[in-house]
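Colleague:
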Amino acid sequence: DGGITQSPKYLFRKEGQNVTLSCEQNLNHDAMYWYRQDPGQGLRLIYYSQIVNDFQKGDIAEGYSVSREKKESFPLTVTSAQKNPTAFYLCASSPDASGTYEQYFGPGTRLTVT
Amino acid sequence: DAKTTQPTSMDCAEGRAANLPCNHSTISGNEYVYWYRQIHSQGPQYIIHGLKNNETNEMASLIITEDRKSSTLILPHATLRDTAVYYCIVRPLGNEKLTFGTGTRLTIIP
Numbered sequence: 001d002g003g004i005t006q007s008p009k010y011l012f013r014k015e016g017q018n019v020t021l022s023c024e025q026n027l028n029h030d031a032m033y034w035y036r037q038d039p040g041q042g043l044r045l046i047y048y049s050q051i052v053n054d055f056q057k058g059d060i061a062e063g064y065s066v067s068r069e070k071k072e073s074f075p076l077t078v079t080s081a082q083k084n085p086t087a088f089y090l091c092a093s094s095p096d097a098s099g100t101y102e103q104y105f106g107p108g109t110r111l112t113v114t
Numbered sequence: 115d116a117k118t119t120q121p122t123s124m125d126c127a128e129g130r131a132a133n134l135p136c137n138h139s140t141i142s143g144n145e146y147v148y149w150y151r152q153i154h155s156q157g158p159q160y161i162i163h164g165l166k167n168n169e170t171n172e173m174a175s176l177i178i179t180e181d182r183k184s185s186t187l188i189l190p191h192a193t194l195r196d197t198a199v200y201y202c203i204v205r206p207l208g209n210e211k212l213t214f215g216t217g218t219r220l221t222i223i224p
């Protein structure tokens, strides 16, 4: 089946540790996105990538880093500099970043930092 | 980007049509109306989008008023699986970003 996979579904870390969230897609999409969702809130854009080896900051990039070495993969690292890392993280992809197409979302990773 | 206003919550009886309103009075000419929904603890799911004409697909219909200042998403025969938070998003063509508000929590009542 084509789609977006995120792993793991639940992740627990101690404060001060960096953690990397996985996002893989086999849809052959050029664009990929990372969003964060807090309880009762909408999604906020962290980073996006329009093409391999290129990415741009979204609205809340501080404390996060990404890489796009392969078309199908867009991992997100939550660094110790992120003040409130506990959240639900969602990865998405679309055929391109023109805004013409809808975005397809993965199932999400719920990160808890204590 | 234009701001959207949606009711916080709505109920609908199973088997009836669910009509979800959205106000976007500051929408501009190149902005599309998108609808997504999010079932609890899952990623959002695309439903439908439109510019000024009414649109229909296998999931829903989208009715956009002539002045484009509001729209209604219609789920023709709601089932329990349609219980979710529904987001109305206004997105300029060429904008890579989806700006999600808090949406409408739709509960389908058996």
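Same order as they appear, the protein sequences are chains A and B.
Under my numbering, the first sequence has 101 at position 101, and the numbering climbs by one with no breaks.
One gets my numbering by counting positions in the second sequence from 1 and adding 114 to each.
Even glycine gets a Cβ: it sits at the ideal position worked out from N, Cα and C.
#1: Which residues in chain A have a C-beta closer than 7 Å to the C-beta of B/G215? List them in chain order.
#2: Tell me which residues of the stretch 174 to 207 of chain B have at least one Cβ-Cβ distance to chain A shorter than 7 Å, keeping chain order.
#3: Mind checking B/H191: buried by the 16 CB within 10 Å criterion, or exposed?
#4: At a CB-CB cut-off below 8 Å, which residues of chain B make contact with A/E24?
#5: Return the CA-CA distance between B/T118 and B/T213, expressed in angstroms with no decimal places.
#6: Cutting at 6 Å between CB atoms, please list the residues of its own chain near A/F12, excluding the five before and the five after it.
#7: Taking CB distances under 7 Å as the criterion, tell me whether A/L21 reaches chain B.
#8: Extract the residue ranges of the beta strand (DSSP E) inside the stretch 50 to 79 of chain A, only unbroken runs of 3 or more that lie entirely within it.
#9: Is DSSP giving B/D196 helix, strand or coil here?
#10: Assuming B/E128 contacts B/L189 under a Cβ cut-off of 8 Å, what Cβ separation, rounded to an integer in Å, is found between them?
#11: Just list the residues that DSSP pairs B/A131 with in beta bridges.
#12: If you draw a straight line from the C-alpha of B/K166 to the C-alpha of A/P107, how long is it?
#13: Give a yes or no on whether the C-beta atoms belonging to A/L90 and A/L21 are separated by under 7 Å.
#14: Exposed or buried, which one is B/K211 when buried takes at least 16 other CB atoms within 10 Å?
#15: Identify the contact partners of A/E69 in chain B, using a Cβ-Cβ distance below 9 Å as the criterion.
#16: Spell out whether any CB of chain B is found under 7 Å from the CB atom of A/L90.
#17: Can you list, in chain order, the residues of the stretch 34 to 64 of chain A whose Cβ is nearer than 9 Å to any Cβ on chain B?
#18: At a CB-CB cut-off below 7 Å, which residues of chain A make contact with B/K117?
#19: Roughly how many angstroms separate the alpha carbons of A/P85 and A/Y35, rounded to a whole number?
#20: Check whether chain B comes within 7 Å of A/G3, counting only Cβ atoms and requiring the distance to be less than that.
Modeller: On the basis of the supplied data:
#1: G42
#2: Y201, R205, P206 and L207
#3: exposed
#4: Chain B residues near A/E24: none, gap ~14 Å exceeds 8 Å.
#5: C-alpha separation (whole angstroms): 10 Å.
#6: T112
#7: no
#8: 54 to 57, 64 to 66 and 76 to 78
#9: Correct three-state label for B/D196: helix.
#10: No, B/E128 and B/L189 are not in contact; Cβ-Cβ is about 11 Å, not under 8 Å.
#11: Looking at the DSSP assignment, B/A131 forms no beta bridge with any residue, so it has no partner.
#12: Near 31 Å, if we compare the C-alpha coordinates of A/P107 and B/K166.
#13: Using a Cβ distance threshold of 7 Å, A/L90 and A/L21 do not count as a contacting pair.
#14: buried
#15: Within 9 Å Cβ-Cβ: nothing; A/E69 doesn't reach chain B, min ~20 Å.
#16: yes
#17: Y35, Q37, G40, Q41, G42, L43, R44, L45, Y48, Q50, Q56, G58 and D59
#18: Result: empty, since nearest Cβ-Cβ is about 12 Å, beyond 7 Å.
#19: 12 Å
#20: Chain B contact via Cβ: absent.
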